[in-house]
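Residues in the sequence shown are numbered consecutively from 9, following the numbering used here.
Data block below; observations after.
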Amino acid sequence: VTWTAGTISQGNGAIYNNGLWDAQGDNSLNWDGNGSATTPAFNNAGTFRKSAGGGTTPFNAGFAFINTGTLDVQSGTVSLAGGGMNSAPGVFNTGSGKMLTFGASYAFNTGSQFTGLGDMRLVTGTFTLNGNITFTKLTQMGGALAGTQVLNGIFTMGGGSWNSDGATALANGGTLNITNNINLSNRILTNNGTVTWTAGTISQGNGAIYNNGLWDAQGDNSLNWDGNGSATTPAFNNAGTFRKSAGGGTTPFNAGFAFINTGTLDVQSGTVSLAGGGMNSAPGVFNTGSGKMLTFGASYAFNTGSQFTGLGDMRLVTGTFTLNGNITFTKLTQMGGALAGTQVLNGIFTMGGGSWNSDGATALANGGTLNITNNINLSNRILTNNGTVTWTAGDDFPRQRGDLQQRAVGRARGQQS
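Quick look at the structure:
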């Protein structure tokens, strides 16, 4: 079919294309409003191609595009505003500098493919993606993502929502660009590739985030709990690398949004604030570059093997900090909160505020340094120094049942009494 001019209208009928349908202009397909039971559909098992016309060829509201063949945009724009469905081996191909838009609810079944270097956009409606979806690049500008899918390619989240029930996985080698607010209220998001987060707030409710690849925060944007879900609060489960590489301000995990770490949190720019609590287990690492900052603003558990690396400022600020086993750090400062657990401190630890009065035992390893710059309450704690304690400020050690042990291999320096 060579279509050079005129509008195509349809009512109760249908079109089946098993060959080539060549649109050589900017003409439209319309539903004529007749037929209450069904609306028309263009069933494409062949090739629908727009080969000429720099404007738009629209499938207007009510005229669905059902695809198991190829939609090939070689010129201008094709707009699918009547919804529809794509099933394997269906392909959407868009040439460089051309555009394909989805302006109504559309279902993409497993095996759906988006090829070409053109601009392919999800604009309005509910977009149900199920199974493996492959694309060169695909952009969501609005509407709602639904279904359970694996995204293979470069996906840009520029608008809309991801808050329906379901799960989204980014495949190994894939890229997710977050450039606007994203609500993941009931969705599980798993990153096995690279997430580039340049703008927008990430909100989560009953769902969770699993990061097994690289999550690169390139701005001062926040992760928030949306308040939904009474049973559990959300968590960012990091088994890969969460990196703040740009933005001189703060990227906060706000109250209710836990950070569970077995990977690497890497602060290369500004500040990362963990105000939602969480837990770190080996081989989990917190790395903070020189002149940068990492703060813990809620209760946090550090299990044996936890490491703090880098020359930046790492601070325990508010909450109960449960350290168990061997904890290694370049330098770590307690500004407030309560130390708990039984631990061996390896590195330079500064006690600048807070308390050490819970049950348990703290040992400073051989070669370690404890700087005491404020009052310290050791009420129920055993402190063993095998390294060097530098005591520059603070009153004496108020104690009840604790024990202060000074090993022969250690030294205590200061003028307080």
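The beta carbon of each residue, even a glycine, is placed where N, CA and C say it ideally should be.
A quick note: this is a predicted structure, and the numbers were derived from the prediction, not measured.
The alpha carbon of S281 has as its nearest neighbour, out of K339, F294, N385, the alpha carbon of F294.
Counting C-beta atoms within 10 angstroms of its own C-beta, D274 has 16 or more neighbours from the protein chains shown and is therefore classed as buried. Within a 10 Å sphere around the beta-carbon of G27 sit fewer than 16 other beta-carbons, which makes this residue exposed. Secondary structure of D30 (DSSP, three-state): strand. A direct Cα-to-Cα measurement between N246 and D40 gives close to 53 angstroms.
Burial state of N180 is exposed, judged by a 10 Å Cβ sphere holding fewer than 16 other Cβ atoms. Looking only at A225, T312, T350, the smallest Cα-Cα distance to Q276 is reached by A225.
Non-local C-beta neighbours of G54 in its own chain, meaning closer than 8 angstroms and more than five positions away in sequence, comprise N25, N26, G27, L28, W29, G77, T78, ordered along the chain. In this structure, the CA atom of Q212 is about 8 angstroms from the CA atom of A243.
Counting only the Cα atoms, S113 lies some 11 angstroms from G150.
Boundaries of the beta strand (DSSP E) around L231: 231-233. The count of Cβ pairs closer than 8 angstroms, one atom from the region 392-400 and one from the region 370-382, reaches three, so the stretches are in contact. Taken in chain order, the unbroken stretches of beta strand (DSSP E) that lie wholly in the region 291-316 and span 3 residues or more are 293-296, 301-304, 308-310.
Contact between A89 and N117 is ruled out by a C-beta separation of about 20 angstroms, above the 8 angstroms threshold. DSSP places D321 in the strand class (E or B) of the three-state scheme. In the three-state scheme derived from DSSP, where H, G and I count as helix and E and B as strand, G174 is classed as strand. Here L386 is buried: its Cβ has 16 or more other Cβ atoms, across all protein chains shown, within 10 Å. If one requires a minimum length of 3 residues, the beta strand (DSSP E) runs lying completely within the region 106-177 are 107-110, 114-116, 121-123, 127-130, 134-137, 139-148, 152-154, 157-165, in chain order. N185 is classed as buried because its beta carbon has at least 16 other beta carbons within 10 Å across all chains shown.
Under the DSSP assignment, T85 falls in the beta strand (DSSP E) whose first and last residues are 85-88. Of M287, G320, Q315, the smallest CA-CA separation from L302 is found for G320.
The continuous beta strand (DSSP E) containing L347 extends over residues 346-348. A distance below 8 angstroms separates the beta carbons of G355 and L340.
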